[in-house]
Amino acid sequence: MPPHPETWLRVTPDGLFCEPGGFFVDPVRPVERAVITHGHSDHARPGHTHVLATMETLAVMRARMGEDRAGTTQQPLRYGENLTINGVRLWLRPAGHVLGSAQVCLEWRGSRAVVSGDYKRRRDATCAPFEPERCDVFVTEATFALPVFTHPPADQEIARLLRSVALFPARTHVIGCYALGKAQRLISLLREAGWDAPIPVHGALMKLCVLYEELGVPLGPLVPATVAGKERLVGAIVLAPPSAIADRWARRLAEPIPCLASGWMRVRQRARQGGVELPMVISDHADWPELLATCTEVEAPEVWVTHGREEALIHALGSRGIRGRALHLVGRGEGEEED
């Protein structure tokens, strides 16, 4: 009889540890061997000795941390490529979260666990779509694991933005978005909606936009968003970090309309507290129906929840005959906070 994953995959102060393989998945402290699901800073930390991830995630880590802090040795692994480490078979499946994001699939002595990292189920032209993998234990996030979080179609939110731009042609729309994944997805959505104009981008976002282009994701013409030439930004859609949309930088623009693209914009109080005039509910995480559907689709009799609204998800899964367990992993953000 295959061993239960809890006998060989356990939570430690450093993170989730595969004991027979001798490696961690998304460790929160520097370790000897790390497998990284994606490049956001609550999953990809500096200082590991050996790092395994997709080619794209390794490139993101180098861009964000520097060559010397993204792993002493770096091993890229393609989606679907098999690797055996001390008897543990390991392969990666797309997670659909950001470029290069992966689910870590592990099999030992006939027992299979899938560590999904962060994921979404919506179409995104800037990254490979999520692929479900059948398993005995599915390890999931629960960032938006409450029934209130049902995300609208992203193109519907982009259409709201473009209507506002048409209604206020003398003002500058400034969208707060995160540097990795969200900024590039917004640009792609705007291009799909027919917005062909050069898009001004805050300097804090430009490096990863350039990297996406280098990795084969077309974004169209981008220009630096400098307040010195604010007259050129009248009527423009400007992308900036969330922290910039309400500070002096944004206030120096031509009558800016602060916008913010996040799943948290479903909570209107958050928008009001942040001074957001145009909240855009666009998320790179699975919403409530998608979390439940995914946990059913992978056919795992047991689901482990890393962070987020664990109790609600575990209760809902229990009513569907799926056992749930909260891992209470430390060091995980709220999913769409600035990292």
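Our numbering applies: residue 1 is where the sequence shown begins, and numbers increase by one.
Even for Gly, the Cβ is constructed at its ideal location relative to N, Cα and C.
Fill in: DSSP-derived helix/strand/coil call for histidine 328
coil
Worksheet item: At which residues does the alpha helix (DSSP H) containing glutamate 56 begin and terminate?
Response: Where glutamate 56 is concerned, the enclosing alpha helix (DSSP H) stretches over 55 to 65.
Worksheet item: Who are the near neighbours of glycine 318 in its chain, counting only those whose CB is closer than 7 Å to its CB and skipping five residues on each side?
Response: Gly324
Worksheet item: Are the beta-carbon atoms belonging to alanine 63 and valine 51 less than 8 Å from one another?
Response: Not in contact: alanine 63 and valine 51 (Cβ atoms no closer than 8 Å).
Worksheet item: Just reading off the beta strand (DSSP E) that proline 200 is part of, what are its end residues?
Response: Segment 199 to 201, the beta strand (DSSP E) holding proline 200.
Practice prompt. Grab the span of the beta strand (DSSP E) containing proline 224 for me, first residue to last.
Written response: Segment 222 to 224, the beta strand (DSSP E) holding proline 224.
Worksheet item: Is it true that the stretch 72 to 81 meets the stretch 38 to 53, where meeting means three or more beta-carbon pairs spaced less than 8 Å apart?
Response: yes
Worksheet item: Just how far apart, CA to CA, sit alanine 166 and threonine 294?
Response: A direct Cα-Cα distance of roughly 38 Å separates alanine 166 from threonine 294.
Worksheet item: Looking at the structure shown, is alanine 193 part of a helix, part of a strand, or coil, going by DSSP?
Response: coil
Fill in: Distance between beta carbons of histidine 173 and cysteine 259, contact taken as under 8 Å
6 Å
Worksheet item: Quick one, which of Pro224, Val210, Gln156, Ala204 has its alpha-carbon nearest glutamate 192's?
Response: Of the listed residues, the one whose Cα sits closest to glutamate 192 is Gln156.
Worksheet item: Anyone know if the C-beta pair for proline 169 and alanine 128 falls short of 8 Å?
Response: In this structure, alanine 128 does not lie closer than 8 Å to proline 169 by Cβ.
Practice prompt. Determine the burial state of proline 2: buried for a count of at least 16 other Cβ atoms within 10 Å of its Cβ, exposed for fewer.
Written response: exposed
Worksheet item: Is it right to say glycine 275 is buried, meaning 16 or more other beta carbons lie within 10 angstroms of its own, or is it exposed?
Response: exposed
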